[in-house]
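Beneath this line is the structure, given in structure tokens, with notes to follow.
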Amino acid sequence: MRNPVADKVVAIKPSGIRKFFDIVSEMPEAISLGVGEPDFDTPWHIRDEGIFSLEKGRTFYTSNSGLKELRQEICNYLKRKQQLEYDSEDVLVTVGGSEAIDIGLRAMCNPGEEVLIPQPCYVSYEPCAILAGAVPVTINLKAENEFRLTAQELEDAITDKTKVLILAFPNNPTGAIMEKKDLEAIADVIIRHDLYVLSDEIYAELTYKGEHVSIASLPGMYERTVLINGFSKAYAMTGWRLGYACGPAVILEQMRKIHQFAIMCAPTTSQYAAVEALKNGDEDVAMMREQYNQRRRYLIHAFKEMGLECFEPYGAFYIFPCIKEFGMTSDEFAMRFLEEEKVAVVPGTAFGDCGEGFLRISYAYSLENLKIAIERLNRFVNKLRSEK
Amino acid sequence: MQLREQILSIIEKNSRMDLKELAVILGADEIAIVNEMAAMEAEGIICGYHTLIDWEKTSVEKVSALIEVRVTPQRGQGFDSIAERIYKYPEVNSVYLISGGYDLLVTLEGKSLKEVSQFVSDKLSTLDTILSTATHFILKKYKDHGTVLAKKVEDMREKITP
């Protein structure tokens, strides 16, 4: 019999998180700090609009690009929050930010062209680049730079095949952000080398130092940027699967084509709910951000007291402590921590090789849960130190 | 939000949080928190530190009721003096002046239906200025002070996600 599956897909490594997931699933008593989604429910008024749309029988396809009303609200939102000037024709509503990443890369990359992926990062950029026929090229970010991308690191990775840089800030898993001055240095290199940026800003609302700045807002970057955002993190709407991409027509037009043939349109119910989120959700976002920020401060303080090395993250809902002092791999540390203290964290290596020596700890949990987990971490760390 | 409002929004939900921790999560100085709270107590902004109890789950028998009260306002004093007459009874939990079909909403707790009824018929209704009362007994509390009592909230998320 012929091999029924494609070599290109077989060659893709399964997500490093999977193995861990399977073990944790068998341990119902374990508490987890391993979740990459908000602990809040979607605010009720947003859910209510979704329900209302169903009651009204709005159960049909929308246009491929998404509801006109939603695209207009997205433009209003981006203008209000990030001073970005998009027209509703420059917006494509997608099935989560994830779809936008996939079709963005497919629309932009020719076979053999290189996509620069600063790591540690979210798990799907590399596989999506490969599936798009591109060659993923990793840039290893450094803890001493607070896991920000520097112009020099970018410059060093560029070849004559480089086409796209993926920028994912605020970052999962490190919690790093890129401030305006950092982005200006990057934009300069991008323009000089005639590159494009796929900017995944899904955590934009969860910024705890100043306001989030999009690289698309910098001079000369509008036409070079595909901006990706969505509703999952800001509005606690992960299960609704709704995101969007904005960018210059020349790229959006091709993305729309793939979206049209592969997906048709994003879920209609979610789109109606999202209109409500953008119209009346600012206060919910502010409330959730404040809560995350309180937990963030609590964890930073706790790690400091524990003497655990950690830079202060200003974004998303992750903190990325260094565990190199214990002379174990991230995997070994996470596994022992799970076995001995029944707390699940994700090894940094799940987000790229340069995540070795780090852990991703999510604070999408109530303060009460975090306290229990920190108590256990403290005990575990003390035990490891006394073993040495 | 100002520090004041931040403190209030937290202790409204959890009045037992210790001051050191409050300082940590608000990124503020502990002394500043202590001073702010003392000031708010003095100004009557913070009026008490109570505990939310679901008495249903205890062996203590308790009956709660809401009573709509219609009154004749008194010249020069409006509703204030009659409200005061009512809130002085220790059985009474709260007294609100209400817009709409009646004037005062009184909530109170007693050991039994009989005890509450007796209070209404013997004490409340006999007050001069009271025109009428309507008593509603609470059968079940689903949510109180922003907290769901009826069922435990479960974390339904997958335990590990990227």
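Protein chains in written order, with my numbering: chain A, 10 to 397; chain B, 292 to 453. C-beta atoms are modelled at their ideal positions from N, C-alpha and C, and glycine is treated no differently.
request  = Report yes or no: do three or more beta-carbon pairs, one from the region 371-387 of chain A and one from the region 283-296 of chain A, lie closer than 8 Å?
outcome  = Too few Cβ pairs lie closer than 8 Å, so no.
query = What is the DSSP secondary structure of A:I237, reduced to helix, strand or coil?
reply = The count along the first sequence starts at 1 and reaches residue 237 of chain A at position 228. DSSP places A:I237 in strand when its eight states are reduced to three.
inquiry  = Among B:K450, B:R361, B:T398, whose alpha-carbon lies nearest the alpha-carbon of B:D419?
reply    = For the purposes of this step, residue 419 of chain B is taken as residue 128 along the second sequence, with counting starting at 1. Each of B:K450, B:R361, B:T398 was checked against the Cα of B:D419, and the nearest Cα belongs to B:R361.
message = Please report the straight-line C-alpha distance between B:P453 and B:D309, rounded to a whole angstrom.
response = By 1-based counting over the second sequence, the position of residue 453 of chain B is 162. By 1-based counting over the second sequence, the position of residue 309 of chain B is 18. One C-alpha to the other measures close to 34 Å.
task = Under 7 Å Cβ to Cβ from A:L227, same chain only, skipping five residues before and after it: list those, please.
result = For the purposes of this step, residue 227 of chain A is identified with residue 218 of the first sequence, where counting begins at 1. Listed in chain order, the non-local C-beta contacts of A:L227 below 7 Å within the same chain comprise L192, E193, A196, local neighbours out to five positions each way being set aside.
task = Less than 8 Å between the CB atoms is what I'm expecting for A:L207 and A:D99, so what's the real figure, rounded?
result = Position 198 of the first sequence, counted from the first residue, corresponds to residue 207 of chain A. Position 90 of the first sequence, counted from the first residue, corresponds to residue 99 of chain A. At roughly 15 Å, the Cβ-Cβ gap does not stay under 8 Å, so A:L207 and A:D99 are not in contact.
ask   = Can a CB atom of chain B be found closer than 8 Å to the CB of A:V390?
value = The count along the first sequence starts at 1 and reaches residue 390 of chain A at position 381. At least 8 Å separates the CB of A:V390 from every CB of chain B.
query = Is A:L76 closer than 8 Å to A:Q269 when the C-beta atoms are compared?
reply = Translated into the one-based positions of the first sequence, residue 269 of chain A becomes position 260. Translated into the one-based positions of the first sequence, residue 76 of chain A becomes position 67. For A:Q269 and A:L76, no; Cβs fall outside 8 Å.
message = Looking at chain A, is there any beta carbon in it that lies within less than 8 Å of the beta carbon of B:T438?
response = Sequence index remark: in the second sequence, residue 438 of chain B carries index 147 (1-based). No, B:T438 does not count as interfacial toward chain A.
ask   = With respect to the alpha helix (DSSP H) encompassing A:E38, which residues constitute its N-terminal and C-terminal limits?
value = As a first step, residue 38 of chain A must be located in the first sequence, where it is residue number 29. Segment: none, A:E38 is in no alpha helix (DSSP H) and carries neither H nor E.
task = Jot down the residue ranges of each uninterrupted beta strand (DSSP E) in the region 356-395 of chain B, minimum 3 residues, whole runs only, in chain order.
result = Note on the region 356-395 of chain B: whole beta strand (DSSP E) runs with a minimum of 3 residues are 383-388, in chain order.
request  = Determine the direct distance from the alpha carbon of B:K304 to that of A:S375, and round the result to whole angstroms.
outcome  = Indexing the first sequence from 1 puts residue 375 of chain A at position 366. Indexing the second sequence from 1 puts residue 304 of chain B at position 13. If you take the alpha carbons of A:S375 and B:K304, they lie about 13 Å apart.
task = Return the first residue and the last residue of the beta strand (DSSP E) that A:A275 is part of.
result = Against the first sequence, residue 275 of chain A aligns to sequence position 266. Neither: A:A275 is in no beta strand (DSSP E) and is coded neither H nor E.
message = So the candidates are B:D345, B:G391, B:Q293, B:I316; which of them puts its Cα closest to the Cα of A:Q300?
response = Your numbering for residue 300 of chain A matches position 291 in the first sequence. Residue B:I316 holds the alpha-carbon nearest to the alpha-carbon of A:Q300 among B:D345, B:G391, B:Q293, B:I316.
inquiry  = By DSSP's criteria, B:F428 is part of a beta bridge. Which residues make up the other side?
reply    = As a position in the second sequence, residue 428 of chain B is number 137, starting the count at 1. Per DSSP, B:A356.
ask   = Skipping 5 residues on each side, what residues in its chain have a beta carbon closer than 6 Å to that of B:S385?
value = The residue you call residue 385 of chain B lines up with position 94 of the second sequence. Result list for B:S385: T398, in chain order.
query = Would a check of beta-carbon distances place A:G45 closer than 8 Å to chain B?
reply = Looking up residue 45 of chain A in the first sequence gives position 36. Under the Cβ criterion of 8 Å, A:G45 is counted among the residues facing chain B.
inquiry  = Measuring straight from C-alpha to C-alpha, what distance separates A:G106 and A:E318?
reply    = Locating residue 106 of chain A in the first sequence gives position 97, counting from the first residue. Locating residue 318 of chain A in the first sequence gives position 309, counting from the first residue. If you take the alpha carbons of A:G106 and A:E318, they lie about 32 Å apart.
ask   = Bridge partners of A:D209, per DSSP?
value = Within the first sequence, numbered from 1, the residue matching residue 209 of chain A stands at position 200. Note: A:D209 sits in a beta bridge opposite A:I237.
query = Does any residue of chain B bring its CB to less than 8 Å from the CB of A:S41?
reply = The residue labelled residue 41 of chain A in the question sits at position 32 within the first sequence. The C-beta of A:S41 comes closer than 8 Å to at least one C-beta of chain B.
task = Give, in chain order, every unbroken run of the alpha helix (DSSP H) that is at least 4 residues long and sits entirely within the region 339-372 of chain A.
result = Secondary structure within the region 339-372 of chain A: the alpha helix (DSSP H) runs of 4 or more consecutive residues, fully enclosed, are 339-350 (chain order).
request  = Would you kindly report the start and end of the unbroken alpha helix (DSSP H) that includes A:P136?
outcome  = Here residue 136 of chain A is taken as the residue at index 127 of the first sequence, counted from 1. 134-140 is the span of the alpha helix (DSSP H), which, as asked, contains A:P136.
inquiry  = Looking only at its chain, what residues have a beta carbon closer than 7 Å to the beta carbon of A:A141, apart from the 5 residues adjacent to it on each side?
reply    = For the purposes of this step, residue 141 of chain A is taken as residue 132 along the first sequence, with counting starting at 1. For A:A141, where only same-chain residues beyond five positions count, the Cβ hits under 7 Å are L114, R115, C118.
ask   = Should B:K304 be flagged as near chain A, meaning a C-beta pair shorter than 8 Å?
value = The residue labelled residue 304 of chain B in the question sits at position 13 within the second sequence. Not closer than 8 Å to any Cβ of chain A, the Cβ of B:K304 fails to qualify, so no.
ask   = Would you say A:H139 and A:N378 are within 8 Å of each other, going by their C-beta atoms?
value = Along the first sequence, one-based indexing puts residue 139 of chain A at 130. Along the first sequence, one-based indexing puts residue 378 of chain A at 369. A quick correction: the sequence has Ile, not His, at residue 139 of chain A. No; because the gap between Cβ atoms is not below 8 Å, this pair is not in contact.
request  = Report the residues of the region 333-350 of chain B with a CB closer than 8 Å to any CB of chain A, ordered along the chain.
outcome  = Answer in chain order: no residues at all.
request  = Could you spell out the range, first to last residue, of the alpha helix (DSSP H) harbouring A:C255?
outcome  = Looking up residue 255 of chain A in the first sequence gives position 246. Note, A:C255: premise wrong, no alpha helix (DSSP H); beta strand (DSSP E) at 252-255.
ask   = Going along chain A in order, which residues have a C-beta closer than 9 Å to the C-beta of B:K434?
value = For the purposes of this step, residue 434 of chain B is identified with residue 143 of the second sequence, where counting begins at 1. Those do not exist, as B:K434 stays about 12 Å from chain A at its closest Cβ, beyond 9 Å.
task = May I have the straight-line CA-CA distance separating A:P276 from A:S62, to the nearest angstrom?
result = Taking the first residue of the first sequence as 1, we reach residue 276 of chain A at position 267. Taking the first residue of the first sequence as 1, we reach residue 62 of chain A at position 53. One C-alpha to the other measures close to 12 Å.
query = Along chain B, in chain order, which residues have C-beta atoms closer than 7 Å to that of A:I26?
reply = Your numbering for residue 26 of chain A matches position 17 in the first sequence. Those are I451, P453, listed as they occur along chain B.
For B:L400: DSSP bridge partner residues = Locating residue 400 of chain B in the second sequence gives position 109, where the first residue counts as 1. In the sequence under discussion, the amino acid at residue 400 of chain B is Glu, which differs from the Leu named in the question. DSSP lists B:S355 as partners of B:E400.
query = Considering only residues of the region 91-158 of chain A, which uninterrupted beta strand (DSSP E) runs meet the minimum length of 3 residues and lie entirely inside it, listed in chain order?
reply = Counting only runs that start and end inside the region 91-158 of chain A, the beta strand (DSSP E) elements of at least 3 residues fall at 100-103, 123-128, 144-149.
message = I need the DSSP call for A:T183, collapsed to helix, strand or coil.
response = One-based indexing of the first sequence puts residue 183 of chain A at position 174. A:T183: coil per DSSP, three-state reduction.
message = Going by C-alpha to C-alpha distance, which of A:R89, A:S395, A:V18 sits closest to A:E220?
response = Within the first sequence, the letter at position 211 stands for residue 220 of chain A. Here the closest residue by C-alpha is A:R89.
inquiry  = Assuming A:I175 is part of the beta strand (DSSP E), what are its boundary residues?
reply    = By 1-based counting over the first sequence, the position of residue 175 of chain A is 166. Start and end: 171-176.
task = Give the DSSP-derived three-state secondary structure of A:C84 in the structure shown.
result = Working through the first sequence from its first residue, we reach residue 84 of chain A at position 75. Reduced to three states, the DSSP call for A:C84 is helix.
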